Structure formats: C-alpha cells, structure tokens
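Numbering (UniProt numbering), first residue to last: 1 to 145.
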C-alpha cells in the first residue's frame, strides 16, 4: 500500500505541540530524558514511517482524513529529520553536561515548532531554498555544456 502524499494538519500540529510541551517540561523539571518522547517518535517517523504521537492523535480525528487541511509529506519528513537532529543534539548535550549546547539545540527546535504552529514553516522555507539552489546549479551546469 502506498503512502498518501499528505498528512492531515491536526496530526502535524499534535507532533509540533508534543515537541514544544516536552522541551518546556525539560526546561522546567530538568528531567532531560523526557526529550526521548519526541525524539523516538520522530525517529520512528523518519526511519519507519511510523510516528506513535501522530498514530495516537489519529484516533481522535472525527472527520475523514482527506477532509483536513493537508501538509506535504515530503516537507514534513524533512522537518522531522531536522527536529530529530536538534532533539538528538539537545539530549546528548544534556547527558554530556554541555548545558549551553543543550539549550541551544532545544531552543532551536522549540522555536521552529512554535513558529510552525503559528503558521510559518521554517523547515519548509529551508527546503524550498535548498531545492532552488539545486535547480539553479543544475541549470547553470547545463548551460556550460
């Protein structure tokens, strides 16, 4: 069975809120192992196309999946990869006692998730710029041929 090309926005928002609330809980409690919740969920999504946070949230959707505002699957995969990178950096930094790095990584991921909740996708913007750069580079190399 093929994967749909989009993910319903409520599932994406749930994942973003999980990141924001978990990082906030880590900052408040100092219990850095809480970062494993969004980290392992995101890793499952990136590696196995199975994000338990989204799967759980899906149980609460009332309407058919295709009736929600769609989010592009490839954009979300890119964003989730970035989130996993920053959550891993934050978690490992907390474990190693690198407090400044831990807060830098977690501030970046919580900022990106918060801004996405408000409607601007930083990861999507970065991915778009990357694709534009690749296109221009390909176009230039063909013009020299």
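Cβ coordinates follow ideal geometry from the N, Cα and C atoms, glycine included.
Treat the numbers as computed from the prediction; the structure is a model and nothing was measured.
- Within its own chain, the residues whose Cβ lies closer than 6 angstroms to the Cβ of residue 20, once the five positions on either side in sequence are excluded, are 110, 113, 114, listed in chain order.
- The distance from the Cβ of residue 45 to that of residue 16 is about 13 angstroms, inconsistent with a contact at the 8 angstroms cut-off.
- A check of alpha carbon separations from residue 122 across 55, 10, 82 identifies 82 as the nearest.
- Each of 98, 88, 138, 143 was checked against the Cα of residue 23, and the nearest Cα belongs to 88.
- By the C-beta criterion, the stretch 100-108 is judged not to be in contact with the stretch 56-63, since fewer than 3 inter-stretch pairs fall below 8 angstroms.
- Counting only runs of 3 or more residues that sit fully inside the UniProt domain "DUF4395" (7-131), the beta strand (DSSP E) segments are 70-72, in chain order.
- Residue 12 and residue 98 have their C-alpha atoms some 30 angstroms from each other.
- Ranked by how close their Cα comes to the Cα of residue 50, the residues 63, 35, 77 have 77 in first place.
- Nearest in C-alpha terms to residue 47, of all of 65, 85, 33, 63, is 85.
- Distance from the CA atom of residue 69 to the CA atom of residue 144, rounded to whole angstroms, is 43 angstroms.
- In this structure, residue 14 and residue 37 do not form a Cβ contact; the two beta carbons are roughly 12 angstroms apart against a cut-off of 8 angstroms.
- Of the other Cβ atoms in all chains shown, 16 or more fall within 10 Å of the Cβ of residue 7; this residue is therefore buried.
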